[in-house]
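Some notes on the structure that comes next.
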Amino acid sequence: MKGGGENDLNFTMDPAPAPNPPQLAARKSVYATDDRTEFPFESKTGLILARKPSVHMALENLGISSMPPAPPSPMRSKSRMGAMMMEGLRDAGAGLSPPRAMDGDADLLQLFGDEEDQSEEGKPGEKFYVVKDMKEVDYLGESTLGDMSVRRELFDPCDNEGVAAGLGGPIEEIAKHEAREAESLLDKLKVPPRWPEGKASRGIFCSRTLSLRSITTIGYDMDYTLVHYNVKAWEGRAYDYGIAQLKSMGYPVDGLKFDPDLVMRGLIMDKEKGNLVKADRFGYVKRAMHGTKMISNRAISEMYGRELVDLRNERRWEFLNTLFSISEAGLYMQMVERLDEGAVPPECGLLDYESLFEVVSKALFKAHVEGRLKDEIISKPEHFVELDPELPLALLDQKEAGKKLLLITNSDYHYTNKMMQFAFDQFLPDGMSWRELFDMVIVSAKKPDFFTLSHPLYEVVTADGLMRPAFKAKPGGLYCGGSALMVEMALGVHGDETLYVGDHIYTDVSLSKLHLRWRTALIIRELEKEVKALAYGREHRAKLIELMNQKEIVGDVFNQLRLALQRRTVGRAAQTPAANSMDGEVLAEYMQKLLVLMGRLDQKIAPMLEADGQFFNPRWGYLSRAGLWDKSHLTRQIEKYADIYTSRVSNFLRYTPFMYFRSQSQELEDAV
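As structure tokens, this is what we get:
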């Protein structure tokens, strides 16, 4: 993930606007004849590789009148999209062509073989074209599995021999020719050079290159992933139950109210000092709060100047991985304030900050375990769940593309079934239920142990949740417990064939990557607000950077004069003729003026720096940043463990199930 410009969170490309969800019962299964008005951005390259050398017949098959190829528009040809198209064509040719074809002695490649293959996912009678001589990995080391195994119905109208015959000659000429025709095709399809502005917050960001074409299985978490809750409603009720539990134990909680802006994901609780801190990617504390009051920079320096945040020390540090942490952290900080005030009665025992955290954590956990909160959500899901009509369509696209879909959640069967019915069934085609989307469902999975250990496996056999022991998992099953290895064995998949999508950095993303080498996607709903806040704060940030640049120049002049004065005192020549000719008193006077100027600049910079990120959170600033230039500790965790990340699962609808996400360049030459 490359940091640059106004946003450290960069797209692989501008995403297409999502289509309005059509009547799903009537939707077509063949993309080439889909009735959508716009194609996803990435699918353009796929169309290039899957058509005749002349684009006219393909256009006619799409119902578009045939016209001579138009030259590429200057705007698009200079865009990043055009460069990517050219690069993609070169790479495709290099990956598929026999060695001697590079010399122009034979056709560049045989795009479609004469063989008809039956894939494991294919239905009886379903025919596939298979590209011959395909490399197992591409130039970035990504698997090419699935790149050109496509359903025959897509290409029956095309003359396959004509495709191969038209692609002979030097690769450079073919690439140019194909790029020109690709631009013409994009114009015919009315695909704009750049997608409309305002969609950045719904994009998918890439930390590590990921090709969805090589992914055979996609697993999903449920809570805050497939089912998104209204944070104020859900966490507010969790907070209320925690307050009630503490009150029953004799703790002073009267007058406390839930404040959703008090804390945010990515902060770190210091249970030893009773603080909540925001650290940069290196572990240096940049902002801190004790109780509900922010700590000054001077106090932060005195308190944390000699130590770094180390998340491996779990006894002291608690990282707020997910939105579920909001209510717990907020209540803890409020209780720290009550403890400091001496309001906690002696009957509650002698408490320090660490033991107080355990009390608060258990109070909230008890509310979850007893099921009172979930029972309330089940009875009134419309008050807690934020519906997303685009979500089922995104998963339908993936399933119809041949992906095996999994649901792996820690929630029990009864709660999972009710939530998925509410969030999915009303948006699926008539007669289809959420269960039909998934090749396997695991409830009460006990993550993170699910990824590292093996628990007893039970099969859910009745609608009311009756279970029986099972010795192994089978495709299509609904299970409780088990392990990730059982899932891999049942579906015949291994390692990086699987993409797991969740909202918890540790429970969902970290361990699945470290122990299984699964590819990972992180859902961070706050990204939508973050991207918009970065846009709103652009003017403020520009003024701040201008002032800091001015101070840097003044500081450099001051340092040069200081060095000149230093050399003069030992009889050495200064580094500049002007400094040599200056009287010592004049040098000192200039330096004094520069010191005053730097002090005035500091007075302007300090409050502006404190306000940087106020559009996201007035206390903590941006989610992705810590300080003006550096990334936050949360961003470091995301880059380390999440291959891609986005605000919601339905954002996959803006890309095809065959998307190739490419990470941004991170080289020293970027700074030149």
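Numbering (the UniProt record's numbering), first residue to last: 1 to 672.
Every residue gets a Cβ at the ideal spot worked out from N, C-alpha and C, and that includes glycine.
All of these numbers come straight from a predicted model, not from anything done at the bench.
- Its Cα nearest to that of Leu-393, the residue Val-649 stands out among Phe-661, Val-649 and Arg-662.
- Here His-633 is buried: its Cβ has 16 or more other Cβ atoms, across all protein chains shown, within 10 Å.
- Residues of the same chain with a CB within less than 6 Å of the CB of Leu-527, apart from the 5 flanking positions on each side, are Ser-647 in chain order.
- Secondary structure in the segment 292-322: the alpha helix (DSSP H) runs of 4 residues or longer, each lying completely within the stretch, are 297-304 in chain order.
- When Leu-350, Asp-310 and Arg-287 are compared, the shortest CA-CA separation from Gln-637 is found for Asp-310.
- Secondary structure note for Gly-219: its beta strand (DSSP E) is the uninterrupted segment 217-220.
- Ala-542 places its beta carbon 8 Å or farther from that of Ser-207.
- Checking the DSSP bridge columns, you'll see Tyr-536 has no partner listed.
- Using a Cβ-Cβ distance cut-off of 8 Å, the segment 219-238 and the segment 307-324 are in contact, since at least three pairs of beta carbons, one from each stretch, lie closer than that value.
- In this model, Leu-406 and Asp-221 are separated by some 9 Å (Cα to Cα).
- Non-local C-beta neighbours of Gly-242 in its own chain, meaning closer than 8 Å and more than five positions away in sequence, comprise Ser-327, Glu-328, Leu-331, Val-360, Ala-363, Leu-364 and Ala-367, ordered along the chain.
- In this structure Tyr-251 is buried. Its beta-carbon is surrounded by 16 or more other beta-carbon atoms within 10 angstroms.
- Taking a cut-off of 8 Å on C-beta distances, the segment 274-285 does not touch the segment 212-231, as fewer than three cross pairs fall below it.
- In the DSSP assignment, Phe-422 falls within the alpha helix (DSSP H) that extends over 413-424.
- When DSSP assignments are scanned along the segment 240-273, no uninterrupted stretch of alpha helix (DSSP H) that is 4 or more residues long falls wholly within it.
- Take the alpha-carbon of Arg-180 and the one of Lys-188: they are about 13 Å apart.
- In the assembly as shown, Asp-439 is a buried residue. Its beta-carbon has 16 or more other beta-carbons within 10 Å.
- In the structure shown, Thr-569 adopts helical secondary structure according to DSSP, grouped into three states.
- Linking Ala-606 to Met-659 through their CA atoms gives a straight-line distance of about 44 Å.
- Of the residues Leu-594, Leu-597 and Arg-625, the one whose Cα lies closest to the Cα of Leu-609 is Arg-625.
- Note on Ala-463: under 16 other CB atoms within 10 angstroms of its CB, so exposed under the neighbour-count rule.
- For Ile-378, the uninterrupted alpha helix (DSSP H) run begins and ends at 372-379, by DSSP.
- Taking Thr-409 as reference, the option from Gly-502, Met-294 and Arg-619 with the minimal CA-CA separation is Gly-502.
- With a cutoff of 8 Å on beta-carbon distance, Ile-204 and Asn-651 are scored as near each other.
- Leu-628 and Asp-612 do touch by the CB rule: their CB atoms are close to 6 Å apart, below 8 Å.
- The way I'd put it, the segment 258-274 does touch the segment 329-348; three or more beta-carbon pairs between them come closer than 8 Å.
- With respect to the 8 Å criterion, Thr-520 and Lys-404 are not classified as neighbours on the basis of their beta carbons.
- Non-local beta-carbon contacts of Trp-518 in its own chain, meaning distances under 6 Å to residues more than five positions away in sequence, involve Thr-498, Tyr-500 and Ser-512 in chain order.
- Judged by beta-carbon spacing, Trp-234 lies beyond the 8 Å limit of Phe-424, meaning their Cβ atoms are not closer than that value.
- Here the alpha carbons of Leu-356 and Leu-246 stand approximately 11 Å from one another.
- When secondary structure is reduced to three states using DSSP, Ser-214 falls in the helix class.
- Residue pairing by DSSP places Ala-288 opposite Val-277 in a beta bridge.
- Per DSSP, reduced to three states, the secondary structure at Gly-203 is coil, with no helix or strand assignment.
- With contacts defined as CB atoms closer than 8 Å, Leu-516 and Phe-451 qualify as a contacting pair.
- Excluding residues up to 5 positions away in sequence, Pro-381 and Val-385 lie with their Cβ nearer than 7 Å to the Cβ of Phe-422 in the same chain.
- Leu-350 and Met-289 have their C-alpha atoms some 23 Å from each other.
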